[in-house]
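Counting from 1, one number per residue, gives the positions in the sequence shown under our numbering. Where a beta carbon is used, it is the ideal one built from N, C-alpha and C, also for glycine. All values derive from a computational prediction rather than experimental measurement.
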Amino acid sequence: MNAPISSATPKPLARIRHDVQGMHAYAVQDSRGLIKLDAMENPHRLSPALQAELGARLGQVAVNRYPGERIDALKTALWGHAQPPADWSLMLGNGSDELISLLALACDLPGASILAPLPGFVMYAMSAQLQGLAFHGVPLTADFELDEAAMLAAIARHRPAIVYLAYPNNPTGTLWDEGAIARIIAAQGAAGGLVVMDAAYQPFAARSWI
1 MNAPISSATP
11 KPLARIRHDV
21 QGMHAYAVQD
31 SRGLIKLDAM
41 ENPHRLSPAL
51 QAELGARLGQ
61 VAVNRYPGER
71 IDALKTALWG
81 HAQPPADWSL
91 MLGNGSDELI
101 SLLALACDLP
111 GASILAPLPG
121 FVMYAMSAQL
131 QGLAFHGVPL
141 TADFELDEAA
151 MLAAIARHRP
161 AIVYLAYPNN
171 PTGTLWDEGA
181 IARIIAAQGA
191 AGGLVVMDAA
201 YQPFAARSWI
């Protein structure tokens, strides 16, 4: 005997996790009349001459093909700029959001978590939530510096898969104490975790951790 077909109205949203349904989209504020340092935006449009030159160069790009050769050329140029150790690798992404999401996906093991100072870039917490990882935010001090003792205690307690350190930090613009950074990196490394130095706002600083 066949089971009766349910007459209930299908609810596709029931397939989506409740915590994801409760999330809000990343908000992009209206930039008119503003110089948005937090978004690394240039308030000035390209000059007509530069627009024309850029359009001509882009018109010669084989956009109908996957960009394998162009990626290799870009990697070579970036490698020459950063000059990392020979046995390191370089990975490209469509903006930092994609790379942050891929890191959360790659580290999504049972019990894994992500740790970062707060306030900081919202994608650290959002990527953790989307992948089902716990997120541990460590508040900054009253003058927006790293709370080194709290960071070290959180690393020892939670043993996160990833610790994010943005240098400079967004939205506070803080350049963390280099000694504190070194000690946090050492503690996270001793715990077997990763430290991700987010250099999205490096042009605002004279120092780089790349």
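Own chain, CB closer than 6 Å to residue i, minus 5 neighbours either side, in chain order
{"i": "Q188", "result": "I155, V163 and V195"}
{"i": "G192", "result": "none"}
Per DSSP, cross-strand counterpart(s) of residue i
{"i": "Y164", "result": "V196"}
{"i": "L58", "result": "Answer by DSSP bridge pairing: none, since L58 is not bridged."}
{"i": "G137", "result": "A116"}
Spatially closest choice to residue i from the options, by CA coordinates
{"i": "M91", "options": "L105, A104 and L74", "result": "L74"}
{"i": "S96", "options": "A166, D177 and M23", "result": "A166"}
{"i": "E98", "options": "A116, A128 and P84", "result": "A128"}
{"i": "R211", "options": "M23, G173, H136 and A205", "result": "There is simply no residue 211 to check, as the chain begins at 1 and stops at 210 in what is shown."}
{"i": "N42", "options": "P48, H24 and G33", "result": "G33"}
{"i": "L103", "options": "P85, W88 and A125", "result": "A125"}
{"i": "T172", "options": "I185, A190, G120 and I184", "result": "G120"}
{"i": "N170", "options": "A206, V61 and V122", "result": "V122"}
{"i": "I16", "options": "L130, I114, A182 and A200", "result": "L130"}
Beta-carbon proximity of residue i to residue j, cut-off 9 Å
{"i": "L133", "j": "A161", "result": "yes"}
{"i": "L152", "j": "W176", "result": "no"}
{"i": "L54", "j": "L46", "result": "yes"}
{"i": "M40", "j": "P203", "result": "yes"}
{"i": "I185", "j": "E148", "result": "no"}
Close Cβ partners of residue i (< 7 Å) along its chain, the five nearest in sequence each way excluded
{"i": "L13", "result": "Q21"}
{"i": "M197", "result": "L165, Y167 and W209"}
{"i": "W79", "result": "L90"}
C-beta neighbour in chain C for residue i, strict 9 Å
{"i": "T174", "result": "Considering every chain present, this structure includes no chain C. It has just one protein chain."}
Same chain only: Cβ atoms within 8 Å of residue i, ignoring 5 sequence neighbours per side
{"i": "L232", "result": "One cannot answer for residue 232 here, as it falls past the ends of the chain, which runs 1 to 210."}
{"i": "I71", "result": "L92"}
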